[in-house]
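Residues in the sequence shown are numbered from 97 upward in steps of one, following this note's numbering.
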Amino acid sequence: MPATEDFELILRGADLRVTRPRVATLAAVHEHPHADTHAIVDAVREDLGEVSTQAVYDVLRALAEAGLVRRIEPAGSPARYESRTGDNHHHVVCRSCGAIADVDCATGSTPCLTASNANGFVIDEAEVTYWGICPECAATPRDTEPEPVNN
Ligand SMILES: [Zn+2]
Ligand SMILES: [Zn+2]
């Protein structure tokens, strides 16, 4: 886990002014990969005390624009943020509990960016989301399932 000084360096490296909310938000995203805004706001508040939700939203937008965090938005899920940027990795999402895990590109470095036909577009991102059931949910029978009948 990078220290505060490292986050300050990361911010300066991206030409962003170092502020406490920026350092705290960047740290929160590093500590909680794929956290949603709500969880990040909670983590920042634990660190800084009172800070408005809007302030954290603004910081997240600035960090995403600077490429320091990546925003992902699986269908039906609120936006999530992560500090693993630039490798175009994919995600697997649990249909049951919404847990998210990283999935590397299937065949090495970013082949998904080489579209079979780009239609003249310059492509810089390919978003692949795998959907399934996470191990925890697979191991826990759901209460919605009907009770087995023994007769
Ligand atoms: Zn699950
Ligand atoms: Zn990820």
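Glycine included, C-beta positions come from ideal geometry on N, C-alpha and C.
Query: Heavy atom of ligand 1 within 7 Å of Ile106 beta-carbon; Result: no
Query: Touch test, the segment 210 to 219 against the segment 178 to 195, Cβ-Cβ under 8 Å, three pairs minimum; Result: no
Query: Whether Val165 touches Tyr226 by CB criterion (8 Å); Result: no
Query: Shell residues, 5 Å Cβ cut-off relative to heavy atoms of ligand 1; Result: Cys190, Ser192, Cys193, Ala195, Cys230 and Cys233
Query: Segment limits, beta strand (DSSP E) that includes Ala158; Result: First-last for Ala158: Thr149 to Glu161, but that is the alpha helix (DSSP H), not the beta strand (DSSP E).
Query: Limits of the beta strand (DSSP E) - the one that Val165 falls within; Result: First-last for Val165: undefined, no H or E at that position.
Query: Environment of Val199 [buried if 16+ CB atoms lie within 10 Å]; Result: exposed
Query: Beta-carbon gap between Leu107 and Thr133 smaller than 8 Å; Result: no
Query: Helix, strand or coil at Gly228 [DSSP, three-state]; Result: strand
Query: Inter-residue Cα distance where the pair is Asp154 and Ala123; Result: 15 Å
Query: Within 8 Å, strictly: CB atoms of Ile136 and His128; Result: yes
Query: Among Gly145, Ile229 and Gly182, the one whose alpha carbon lies nearest that of Ser192; Result: Ile229
Query: Residues sharing a beta bridge with His134, DSSP; Result: Partner(s): none; His134 has no beta bridge.
Query: Own chain partners of Ala197 with C-beta closer than 6 Å, once the 5 adjacent residues on each side are dropped; Result: Val188
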